[in-house]
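Following: one structure in C-alpha coordinates, then a few remarks.
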Amino acid sequence: MKILVVAGWMYPDAEGGSFRVVYEAGRRLAARGHEVHVLTQQLDPLHPAEQTLEGMRVHRYPTTASSGLRFFLSTYRAVRRAAKQLQREVGFDVLHTHHPISAFAALRTRALRPVPVVATLHSLAFLERLDRRSYGRSRTRFPGLAALALLWMDGFVLERSKRVVVLSDFTRGLVSKFFPRALAKAVKLPGGADLGHFRPEPPRAEARSRLRLPNDRPIFFTCRRLEHRMGLPELVEATGRLKQQGKNVLTLIAGRGALEEPLREQLRENRLEDSVRLLGYVAEDDLLLHYRAADCFVLPTRALEGFGLVTAEALACGTPVLGTPVGATPEILQPLDPRLLTRDATTEGLADGMARFLDELAAEPGLEQRCRAYAEQHLSWDAFVTGLEQVSREVAGE
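Position 186 of the sequence shown, counted from 1, bears residue number 222 in my numbering, the numbering being contiguous throughout.
Structure representation (C-alpha coordinates):
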(Lines of atoms letter the chains of each structure in order from A and count residues from 1; the text may use other names and numbers.)
(Lines give C-alpha, C1' and ligand atoms only; values in the text may rest on other atoms or scores of the structure.)
Protein backbone atom coordinates (compact mmCIF):
# COMPACT_ATOMS: atom_id res chain seq x y z
CA MET A 1 0.00 0.00 0.00
CA LYS A 2 0.93 3.64 -0.39
CA ILE A 3 0.42 5.20 3.03
CA LEU A 4 0.51 8.86 4.00
CA VAL A 5 1.09 9.46 7.72
CA VAL A 6 0.23 12.97 8.91
CA ALA A 7 1.50 13.79 12.40
CA GLY A 8 2.24 17.00 14.23
CA TRP A 9 5.45 15.50 15.61
CA MET A 10 7.49 12.32 15.31
CA TYR A 11 10.37 10.68 17.14
CA PRO A 12 13.34 11.26 17.01
CA ASP A 13 12.54 14.91 16.28
CA ALA A 14 10.44 15.12 19.46
CA GLU A 15 10.12 13.20 22.73
CA GLY A 16 6.81 11.70 23.76
CA GLY A 17 4.76 8.53 23.57
CA SER A 18 2.52 9.45 20.65
CA PHE A 19 5.53 10.66 18.66
CA ARG A 20 7.15 7.28 19.25
CA VAL A 21 4.04 5.48 17.99
CA VAL A 22 4.25 7.41 14.72
CA TYR A 23 7.88 6.39 14.28
CA GLU A 24 7.56 2.75 15.31
CA ALA A 25 4.45 2.11 13.23
CA GLY A 26 5.82 3.92 10.18
CA ARG A 27 9.18 2.20 10.07
CA ARG A 28 7.67 -1.24 10.63
CA LEU A 29 5.08 -0.72 7.89
CA ALA A 30 7.93 0.33 5.58
CA ALA A 31 9.86 -2.81 6.54
CA ARG A 32 6.86 -4.86 5.44
CA GLY A 33 7.11 -3.44 1.95
CA HIS A 34 4.64 -0.57 2.10
CA GLU A 35 5.51 2.85 0.68
CA VAL A 36 5.28 5.11 3.73
CA HIS A 37 5.42 8.90 3.58
CA VAL A 38 5.36 10.89 6.83
CA LEU A 39 4.31 14.54 6.80
CA THR A 40 5.39 16.20 10.05
CA GLN A 41 6.49 19.52 11.50
CA GLN A 42 10.05 20.79 11.07
CA LEU A 43 10.89 21.44 14.71
CA ASP A 44 14.51 22.42 14.08
CA PRO A 45 15.84 24.32 11.05
CA LEU A 46 18.68 21.80 10.98
CA HIS A 47 16.23 18.94 10.35
CA PRO A 48 16.13 18.26 6.59
CA ALA A 49 12.91 19.11 4.78
CA GLU A 50 13.11 15.77 2.95
CA GLN A 51 14.71 12.64 4.38
CA THR A 52 14.62 8.87 4.10
CA LEU A 53 14.52 7.50 7.65
CA GLU A 54 14.24 3.78 8.48
CA GLY A 55 12.59 3.15 5.11
CA MET A 56 10.09 6.01 5.51
CA ARG A 57 10.09 9.10 3.33
CA VAL A 58 9.83 12.02 5.77
CA HIS A 59 8.53 15.41 4.60
CA ARG A 60 8.88 18.23 7.14
CA TYR A 61 6.89 21.46 6.94
CA PRO A 62 7.86 24.71 8.72
CA THR A 63 5.59 26.68 11.07
CA THR A 64 5.80 30.33 12.06
CA ALA A 65 5.14 29.84 15.81
CA SER A 66 5.20 27.12 18.45
CA SER A 67 1.68 27.69 19.76
CA GLY A 68 -1.42 29.82 19.46
CA LEU A 69 -3.33 31.07 16.43
CA ARG A 70 -0.21 31.67 14.33
CA PHE A 71 0.86 28.08 14.90
CA PHE A 72 -2.56 26.78 13.88
CA LEU A 73 -2.74 28.90 10.71
CA SER A 74 0.80 28.13 9.57
CA THR A 75 0.30 24.40 10.24
CA TYR A 76 -3.04 24.41 8.44
CA ARG A 77 -1.61 26.05 5.33
CA ALA A 78 1.62 24.03 5.27
CA VAL A 79 -0.07 20.65 5.72
CA ARG A 80 -2.68 21.33 3.05
CA ARG A 81 -0.07 22.56 0.58
CA ALA A 82 2.30 19.64 1.16
CA ALA A 83 -0.46 17.02 1.25
CA LYS A 84 -1.89 18.24 -2.03
CA GLN A 85 1.51 18.00 -3.69
CA LEU A 86 2.24 14.54 -2.27
CA GLN A 87 -1.13 13.17 -3.32
CA ARG A 88 -0.53 14.46 -6.85
CA GLU A 89 2.90 12.81 -6.98
CA VAL A 90 2.17 9.51 -5.17
CA GLY A 91 -1.56 8.79 -5.03
CA PHE A 92 -2.16 7.24 -1.62
CA ASP A 93 -4.26 4.19 -0.73
CA VAL A 94 -4.78 5.17 2.91
CA LEU A 95 -4.20 8.15 5.20
CA HIS A 96 -3.06 7.69 8.81
CA THR A 97 -3.55 10.69 11.09
CA HIS A 98 -2.22 11.62 14.53
CA HIS A 99 -2.63 14.86 16.55
CA PRO A 100 -5.69 17.05 15.94
CA ILE A 101 -4.36 20.16 14.17
CA SER A 102 -2.33 18.42 11.48
CA ALA A 103 -5.05 15.78 11.07
CA PHE A 104 -7.73 18.45 10.66
CA ALA A 105 -5.65 20.22 8.01
CA ALA A 106 -5.11 16.99 6.09
CA LEU A 107 -8.81 16.16 6.08
CA ARG A 108 -9.56 19.67 4.81
CA THR A 109 -7.32 19.03 1.79
CA ARG A 110 -9.56 18.50 -1.23
CA ALA A 111 -7.05 16.26 -3.00
CA LEU A 112 -7.08 13.79 -0.09
CA ARG A 113 -10.86 13.50 0.29
CA PRO A 114 -11.14 10.23 -1.71
CA VAL A 115 -8.41 8.60 0.46
CA PRO A 116 -9.81 6.48 3.35
CA VAL A 117 -8.65 7.61 6.80
CA VAL A 118 -7.41 5.65 9.80
CA ALA A 119 -7.16 8.04 12.77
CA THR A 120 -5.06 7.10 15.80
CA LEU A 121 -6.38 8.79 18.93
CA HIS A 122 -3.62 8.80 21.55
CA SER A 123 -5.44 10.99 24.05
CA LEU A 124 -7.66 14.05 23.98
CA ALA A 125 -5.54 17.14 23.50
CA PHE A 126 -8.27 19.41 24.83
CA LEU A 127 -8.20 17.62 28.22
CA GLU A 128 -4.43 18.02 28.40
CA ARG A 129 -4.85 21.70 27.54
CA LEU A 130 -7.40 22.15 30.32
CA ASP A 131 -5.08 20.38 32.75
CA ARG A 132 -2.24 22.79 31.93
CA ARG A 133 -4.68 25.68 32.24
CA SER A 134 -5.62 24.59 35.76
CA TYR A 135 -1.97 25.04 36.77
CA GLY A 136 -1.53 28.27 34.86
CA ARG A 137 0.89 26.64 32.39
CA SER A 138 -0.99 27.25 29.14
CA ARG A 139 0.96 29.42 26.71
CA THR A 140 -2.07 30.53 24.67
CA ARG A 141 -3.93 33.77 25.31
CA PHE A 142 -7.35 32.10 25.50
CA PRO A 143 -6.69 28.55 26.75
CA GLY A 144 -10.37 27.69 27.20
CA LEU A 145 -11.18 28.55 23.58
CA ALA A 146 -8.07 26.70 22.40
CA ALA A 147 -9.23 23.59 24.28
CA LEU A 148 -12.69 23.74 22.71
CA ALA A 149 -11.11 24.14 19.28
CA LEU A 150 -9.01 21.02 19.84
CA LEU A 151 -12.10 19.08 20.94
CA TRP A 152 -13.97 20.19 17.82
CA MET A 153 -11.06 19.23 15.55
CA ASP A 154 -10.78 15.78 17.10
CA GLY A 155 -14.50 15.30 16.51
CA PHE A 156 -14.17 16.47 12.91
CA VAL A 157 -11.38 13.98 12.26
CA LEU A 158 -13.08 11.02 13.94
CA GLU A 159 -16.36 11.72 12.17
CA ARG A 160 -14.65 11.48 8.77
CA SER A 161 -12.43 8.48 9.55
CA LYS A 162 -13.16 4.92 8.49
CA ARG A 163 -11.48 3.50 11.58
CA VAL A 164 -10.33 4.98 14.89
CA VAL A 165 -7.33 3.26 16.48
CA VAL A 166 -7.05 3.50 20.28
CA LEU A 167 -4.25 2.01 22.37
CA SER A 168 -6.38 1.24 25.42
CA ASP A 169 -9.86 0.69 26.78
CA PHE A 170 -9.37 3.93 28.69
CA THR A 171 -9.08 5.89 25.43
CA ARG A 172 -11.98 3.92 23.97
CA GLY A 173 -13.96 5.20 26.95
CA LEU A 174 -13.06 8.78 26.03
CA VAL A 175 -14.38 8.14 22.52
CA SER A 176 -17.60 6.81 24.01
CA LYS A 177 -17.98 9.85 26.26
CA PHE A 178 -17.08 12.65 23.87
CA PHE A 179 -17.62 11.17 20.39
CA PRO A 180 -20.22 8.38 20.78
CA ARG A 181 -21.00 8.25 17.07
CA ALA A 182 -17.40 7.22 16.38
CA LEU A 183 -17.39 4.39 18.94
CA ALA A 184 -18.43 1.72 16.43
CA LYS A 185 -15.32 2.54 14.38
CA ALA A 186 -12.90 2.20 17.32
CA VAL A 187 -10.30 -0.58 17.16
CA LYS A 188 -8.07 -1.28 20.16
CA LEU A 189 -4.41 -1.92 19.30
CA PRO A 190 -2.22 -1.78 22.44
CA GLY A 191 1.16 -0.11 22.10
CA GLY A 192 4.41 -1.88 22.71
CA ALA A 193 8.15 -1.80 23.09
CA ASP A 194 11.07 -2.57 20.81
CA LEU A 195 11.74 -6.00 22.31
CA GLY A 196 15.04 -6.29 20.49
CA HIS A 197 16.40 -3.08 21.98
CA PHE A 198 14.74 -3.05 25.40
CA ARG A 199 15.82 -6.34 26.94
CA PRO A 200 16.86 -7.64 30.37
CA GLU A 201 20.57 -6.99 30.06
CA PRO A 202 23.15 -6.04 31.26
CA PRO A 203 22.82 -7.18 34.90
CA ARG A 204 21.74 -4.49 37.37
CA ALA A 205 25.16 -4.15 39.00
CA GLU A 206 26.84 -3.63 35.63
CA ALA A 207 24.22 -1.07 34.53
CA ARG A 208 24.74 0.88 37.76
CA SER A 209 28.50 0.75 37.35
CA ARG A 210 28.32 2.10 33.80
CA LEU A 211 26.03 4.92 34.94
CA ARG A 212 28.07 5.56 38.10
CA LEU A 213 25.07 4.92 40.31
CA PRO A 214 25.31 3.64 43.90
CA ASN A 215 24.91 -0.04 44.70
CA ASP A 216 24.09 0.45 48.37
CA ARG A 217 20.44 1.47 48.11
CA PRO A 218 17.29 0.76 46.07
CA ILE A 219 16.71 2.90 42.99
CA PHE A 220 13.36 4.04 41.65
CA PHE A 221 13.35 5.45 38.12
CA THR A 222 10.85 7.34 35.98
CA CYS A 223 10.98 8.96 32.55
CA ARG A 224 8.33 11.60 31.88
CA ARG A 225 7.66 14.97 30.37
CA LEU A 226 7.96 17.35 33.30
CA GLU A 227 4.31 18.38 33.50
CA HIS A 228 1.89 18.47 36.41
CA ARG A 229 -0.33 15.62 35.21
CA MET A 230 2.69 13.30 35.28
CA GLY A 231 2.67 13.32 39.10
CA LEU A 232 6.33 14.26 39.58
CA PRO A 233 5.95 16.69 42.54
CA GLU A 234 4.05 13.91 44.32
CA LEU A 235 6.82 11.42 43.50
CA VAL A 236 9.44 13.76 44.97
CA GLU A 237 7.38 14.21 48.12
CA ALA A 238 6.80 10.47 48.36
CA THR A 239 10.56 9.91 48.22
CA GLY A 240 10.90 12.37 51.09
CA ARG A 241 8.39 10.39 53.13
CA LEU A 242 10.36 7.20 52.56
CA LYS A 243 13.45 9.03 53.79
CA GLN A 244 11.58 10.06 56.94
CA GLN A 245 10.66 6.40 57.48
CA GLY A 246 14.33 5.44 57.37
CA LYS A 247 14.25 3.97 53.88
CA ASN A 248 17.36 5.18 52.07
CA VAL A 249 16.32 5.17 48.39
CA LEU A 250 17.35 7.08 45.28
CA THR A 251 14.74 8.33 42.81
CA LEU A 252 15.88 9.22 39.30
CA ILE A 253 13.69 11.44 37.11
CA ALA A 254 14.49 11.65 33.39
CA GLY A 255 12.85 14.14 31.05
CA ARG A 256 12.45 17.80 30.21
CA GLY A 257 9.60 20.25 30.54
CA ALA A 258 8.03 23.21 32.29
CA LEU A 259 8.41 21.76 35.79
CA GLU A 260 12.19 21.44 35.75
CA GLU A 261 12.95 24.53 37.83
CA PRO A 262 9.98 24.08 40.22
CA LEU A 263 11.15 20.52 40.87
CA ARG A 264 14.69 21.71 41.58
CA GLU A 265 13.28 24.25 44.02
CA GLN A 266 11.22 21.50 45.66
CA LEU A 267 14.37 19.42 46.12
CA ARG A 268 16.23 22.36 47.68
CA GLU A 269 13.41 23.30 50.03
CA ASN A 270 13.01 19.73 51.27
CA ARG A 271 16.73 18.92 51.29
CA LEU A 272 16.25 15.95 48.98
CA GLU A 273 19.19 16.54 46.61
CA ASP A 274 20.79 13.30 47.85
CA SER A 275 17.56 11.32 47.40
CA VAL A 276 16.24 12.60 44.06
CA ARG A 277 18.18 13.40 40.88
CA LEU A 278 16.82 15.23 37.85
CA LEU A 279 18.58 13.73 34.85
CA GLY A 280 17.19 15.87 32.03
CA TYR A 281 17.12 14.28 28.59
CA VAL A 282 18.38 10.68 28.52
CA ALA A 283 19.42 9.17 25.17
CA GLU A 284 17.88 5.84 24.21
CA ASP A 285 20.96 3.70 24.87
CA ASP A 286 21.35 5.25 28.31
CA LEU A 287 17.61 4.89 28.85
CA LEU A 288 18.00 1.13 28.54
CA LEU A 289 20.76 1.23 31.16
CA HIS A 290 18.57 3.27 33.52
CA TYR A 291 15.71 0.79 33.19
CA ARG A 292 18.17 -2.00 34.01
CA ALA A 293 19.83 -0.13 36.88
CA ALA A 294 16.53 0.50 38.66
CA ASP A 295 14.90 -1.85 41.11
CA CYS A 296 11.57 -0.42 40.02
CA PHE A 297 10.18 1.96 37.41
CA VAL A 298 7.53 4.32 38.80
CA LEU A 299 4.68 5.75 36.74
CA PRO A 300 3.18 8.38 39.08
CA THR A 301 0.66 9.82 36.58
CA ARG A 302 -2.28 11.59 38.15
CA ALA A 303 -4.35 12.18 34.97
CA LEU A 304 -4.79 11.15 31.32
CA GLU A 305 -2.45 8.19 30.84
CA GLY A 306 -3.53 7.06 27.37
CA PHE A 307 -1.21 4.04 27.39
CA GLY A 308 2.30 4.52 28.74
CA LEU A 309 4.99 3.30 26.36
CA VAL A 310 7.58 3.67 29.12
CA THR A 311 5.67 1.02 31.05
CA ALA A 312 6.06 -1.39 28.14
CA GLU A 313 9.74 -0.54 27.75
CA ALA A 314 10.52 -1.06 31.43
CA LEU A 315 8.73 -4.40 31.51
CA ALA A 316 10.57 -5.47 28.36
CA CYS A 317 13.78 -4.78 30.28
CA GLY A 318 12.57 -7.04 33.07
CA THR A 319 12.09 -4.07 35.39
CA PRO A 320 8.85 -4.10 37.42
CA VAL A 321 6.62 -1.05 37.14
CA LEU A 322 4.76 0.54 40.03
CA GLY A 323 1.94 2.65 38.61
CA THR A 324 -0.96 4.74 39.80
CA PRO A 325 -4.47 3.48 38.97
CA VAL A 326 -4.93 6.20 36.35
CA GLY A 327 -5.92 5.96 32.70
CA ALA A 328 -4.71 2.83 30.94
CA THR A 329 -2.13 1.82 33.56
CA PRO A 330 -4.40 -0.67 35.38
CA GLU A 331 -5.09 -2.42 32.06
CA ILE A 332 -1.38 -3.16 31.71
CA LEU A 333 -0.34 -3.89 35.29
CA GLN A 334 -3.39 -5.59 36.85
CA PRO A 335 -3.04 -8.82 34.82
CA LEU A 336 0.68 -8.97 35.60
CA ASP A 337 0.41 -8.37 39.36
CA PRO A 338 -2.20 -6.22 41.17
CA ARG A 339 0.41 -5.33 43.78
CA LEU A 340 2.12 -3.17 41.15
CA LEU A 341 -0.71 -0.62 41.39
CA THR A 342 -0.79 2.04 44.10
CA ARG A 343 -4.10 2.70 45.82
CA ASP A 344 -4.29 6.21 44.30
CA ALA A 345 -2.16 8.97 42.76
CA THR A 346 -1.61 10.95 45.96
CA THR A 347 1.72 11.44 47.70
CA GLU A 348 0.57 9.04 50.41
CA GLY A 349 -0.52 6.45 47.88
CA LEU A 350 2.81 6.62 46.07
CA ALA A 351 4.85 6.46 49.27
CA ASP A 352 2.89 3.46 50.55
CA GLY A 353 3.18 1.71 47.20
CA MET A 354 6.94 2.29 47.02
CA ALA A 355 7.37 1.03 50.59
CA ARG A 356 5.24 -2.04 49.85
CA PHE A 357 7.33 -2.76 46.77
CA LEU A 358 10.52 -2.68 48.83
CA ASP A 359 9.05 -4.85 51.58
CA GLU A 360 7.13 -7.42 49.49
CA LEU A 361 8.19 -7.45 45.84
CA ALA A 362 11.78 -6.28 45.46
CA ALA A 363 13.31 -9.62 46.40
CA GLU A 364 10.59 -11.84 44.94
CA PRO A 365 12.17 -14.63 42.87
CA GLY A 366 11.36 -14.66 39.16
CA LEU A 367 9.82 -11.18 39.04
CA GLU A 368 12.25 -9.98 36.37
CA GLN A 369 11.49 -13.01 34.19
CA ARG A 370 7.74 -12.54 34.65
CA CYS A 371 7.97 -8.90 33.54
CA ARG A 372 9.90 -9.79 30.38
CA ALA A 373 7.62 -12.71 29.51
CA TYR A 374 4.55 -10.49 29.95
CA ALA A 375 6.02 -7.87 27.60
CA GLU A 376 6.83 -10.52 25.00
CA GLN A 377 3.27 -11.85 25.13
CA HIS A 378 1.27 -8.62 25.31
CA LEU A 379 3.42 -5.58 24.45
CA SER A 380 4.96 -6.18 21.03
CA TRP A 381 5.14 -3.55 18.31
CA ASP A 382 4.81 -6.35 15.77
CA ALA A 383 1.30 -7.10 17.07
CA PHE A 384 0.38 -3.41 16.90
CA VAL A 385 1.61 -3.05 13.32
CA THR A 386 -0.07 -6.28 12.20
CA GLY A 387 -3.37 -4.87 13.46
CA LEU A 388 -2.75 -1.49 11.86
CA GLU A 389 -1.85 -3.16 8.57
CA GLN A 390 -5.03 -5.22 8.64
CA VAL A 391 -7.20 -2.18 9.40
CA SER A 392 -5.51 -0.25 6.59
CA ARG A 393 -6.14 -3.01 4.07
CA GLU A 394 -9.78 -3.19 5.14
CA VAL A 395 -10.45 0.52 4.65
CA ALA A 396 -8.46 0.65 1.41
CA GLY A 397 -10.58 -2.19 0.03
CA GLU A 398 -13.93 -0.72 1.01
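Here a beta-carbon is modelled for each residue, glycine too, at the ideal position from N, C-alpha and C. For clarity, every value in this text was computed on a predicted model and none was experimentally measured.
Could you spell out the range, first to last residue, of the beta strand (DSSP E) harbouring histidine 264? For the purposes of this step, residue 264 is identified with residue 228 of the sequence shown, where counting begins at 1. Counting along the chain, histidine 264 falls outside any beta strand (DSSP E), and DSSP gives it neither H nor E.
Expected contact under 8 Å - CB spacing of arginine 265 and alanine 339 to nearest Å: For this step, residue 265 is matched to residue 229 along the sequence shown. For this step, residue 339 is matched to residue 303 along the sequence shown. Between arginine 265 and alanine 339 a beta carbon distance of about 4 Å is seen, short of the 8 Å cut, so the two are scored as contacting.
Is the separation between the beta-carbon of threonine 275 and that of alanine 387 shorter than 9 Å? As a working note, residue 275 is residue 239 in the sequence shown. As a working note, residue 387 is residue 351 in the sequence shown. Contact: yes.
Would glutamate 455 be called buried (16 or more neighbouring beta carbons within 10 Å of its own) or exposed? Residue 455 cannot be examined here, being either before or after the span of the chain that is shown, 37 to 434.
Nearest to valine 285 (by Cα), restricted to the options Arg300, Leu308, Val223: Taking the first residue of the sequence shown as 1, we reach residue 285 at position 249. Closest option to valine 285, Cα to Cα, is Leu308.
Which class does glycine 385 belong to by DSSP, given the choice of helix, strand or coil? Counting from 1 along the sequence shown, the entry for residue 385 is found at position 349. Assignment of glycine 385 by DSSP, reduced to helix, strand and coil, places it in the helix class.
Determine the closest residue to alanine 101 out of Leu122, Arg93, Leu79, Met92, with distance taken between C-alpha atoms. For this step, residue 101 is matched to residue 65 along the sequence shown. The residue among Leu122, Arg93, Leu79, Met92 with its C-alpha nearest the C-alpha of alanine 101 is Leu79.
According to DSSP, is threonine 76 helix, strand or coil? Within the sequence shown, numbered from 1, the residue matching residue 76 stands at position 40. If DSSP states are grouped into helix, strand and coil, threonine 76 belongs with the strands.
Near alanine 399, which residues of its chain fall below 6 Å by C-beta distance, leaving aside the five closest residues on each side in sequence? Against the sequence shown, residue 399 aligns to sequence position 363. Once the five neighbours on either side are set aside, alanine 399 has no close Cβ partner at all.
Is the number of C-beta pairs between the region 315-332 and the region 248-255 that are closer than 8 Å three or more? Yes, the region 315-332 touches the region 248-255.
Which ranges does the beta strand (DSSP E) cover as unbroken runs of at least 3 residues, wholly within the region 101-178, from first to last along the chain? Complete beta strand (DSSP E) runs here, min 3: 130-133, 153-157.
Given glutamate 296, which residues of its chain have a CB within under 6 Å of its CB, disregarding the five upstream and five downstream residues? Here residue 296 refers to the residue found at position 260 of the sequence shown. Excluding sequence positions up to five before and after glutamate 296, its CB lies within less than 6 Å of the CB of Leu262, all in the same chain and listed in chain order.
Starting from leucine 340 and walking both ways along the beta strand (DSSP E), at which residues does that stretch end? The residue you call residue 340 lines up with position 304 of the sequence shown. Per DSSP, leucine 340 belongs to no beta strand (DSSP E) and is neither H nor E.
Inside the region 348-411 only - beta strand (DSSP E) runs reaching at least 3 residues: When DSSP assignments are scanned along the region 348-411, the uninterrupted stretches of beta strand (DSSP E) that are 3 or more residues long and fall wholly within it turn out to be 357-359.
For alanine 155, does the count of other Cβ atoms within 10 angstroms reach 16, so buried, or fall short, so exposed? One-based indexing of the sequence shown puts residue 155 at position 119. With 16 or more Cβ atoms within 10 Å of its Cβ, alanine 155 is classed as buried.
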